[in-house]
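Residue numbers (the working numbering), protein chains in the order written: chain A, 12 to 124; chain B, 110 to 222.
In what follows, a structure is listed as structure tokens, so that the remarks can point back to it.
This is the structure we're talking about:
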């Protein structure tokens, strides 16, 4: 059965700390891995990763994928209180002309001032 | 342009009542997804449309759940004879096409009493 596992489930840090969020997966017909930030209701897109070893970067956030070991990490440097959110990892699988996204349970990050 | 919209934002139903949740995707987006997100969990895939065709409904939890997208734009998720376990946030997402970023709506929070 396909699964996406995120760790840790929750994390509390202080402003300025660096955090690393983990996502491991076992998904057949893998196509891509995506990271989302969910603050209130709607997840907002952060990164899409399709190739191993290529870091994607956006400001203080960066992410990388390892397709051999089947995991990805999301790094946030110099954290700010506005980074407090749930970070979701999703894996896209493609079968028979259709595709779906399988989400992990998320990592709840709390950044204290 | 406008993002994905969903209505109602909140719905309280008595057990046994039928509900209908609406999703207006971004104009021109071909693919539309419905997800169910229980408290503390990641979004769980329900169903996927490509234009008006429902290509995957493997995530619908029972035959009480029904989704349609008759003209390939607006979609409705209907839940018949609601049960307490149906209480969740129902998220809709759309994409321009295959392997593109999903844009999520704000969700409908359903509470079944």
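Beta carbons are placed, not taken as given, at the ideal position from N, Cα and C, and that holds for glycine.
Nothing here was measured: the structure is a model prediction, and the numbers come from that model.
Cβ pair count under 8 Å reaching 3, the region 92-104 of chain A against the region 156-171 of chain B
The region 92-104 of chain A is not in contact with the region 156-171 of chain B.
Could you check whether the region 190-198 of chain B touches the region 15-35 of chain A, counting it as contact only if at least three pairs of C-beta atoms, one from each stretch, sit closer than 8 Å?
With a cut-off of 8 Å, the region 15-35 of chain A and the region 190-198 of chain B do not count as touching, because too few Cβ pairs lie within range.
Anything in chain B within Cβ reach of residue 36/A, meaning under 8 Å, just list it in chain order.
Within chain B, no residue has its CB atom less than 8 Å from the CB of residue 36/A, the nearest being about 12 Å off.
Positions along the region 53-72 of chain A whose CB lies within less than 7 Å of some CB in chain B:
Listed by position along the chain: 53, 54, 56, 59.
Where residue 145/B sits in the DSSP three-state scheme:
Here residue 145/B sits in strand by DSSP.
Can you find the residues in the same chain that come closer than 6 Å, C-beta to C-beta, to residue 37/A, ignoring five residues on each side of it along the sequence?
Excluding residues within five positions, the ones whose Cβ falls inside 6 Å are 14.
Using a cut-off of 7 Å between C-beta atoms, extract the partners of residue 111/A located in chain B.
For residue 111/A, the chain B residues whose Cβ falls inside 7 Å of its Cβ are 154, 157, 165, in order along the chain.
Between which two residues does the beta strand (DSSP E) harbouring residue 38/A extend?
For residue 38/A, no beta strand (DSSP E) segment is defined, and its DSSP state is neither H nor E.
Which chain A residues are close to residue 151/B, counting only those with a beta carbon under 7 Å from its beta carbon?
By Cβ distance, chain A contributes 99, 114, 115, 116, 117.
Output the distance between the C-alpha atoms of residue 24/A and residue 172/B, rounded to the nearest integer angstrom.
Roughly 44 Å between the two C-alpha positions.
Tell me whether residue 47/A is buried or exposed, calling it buried when 16 or more other Cβ atoms sit within 10 Å of its Cβ.
Counting every other CB atom within 10 Å of its CB across the protein chains shown gives residue 47/A a total of 16 or more, marking it as buried.
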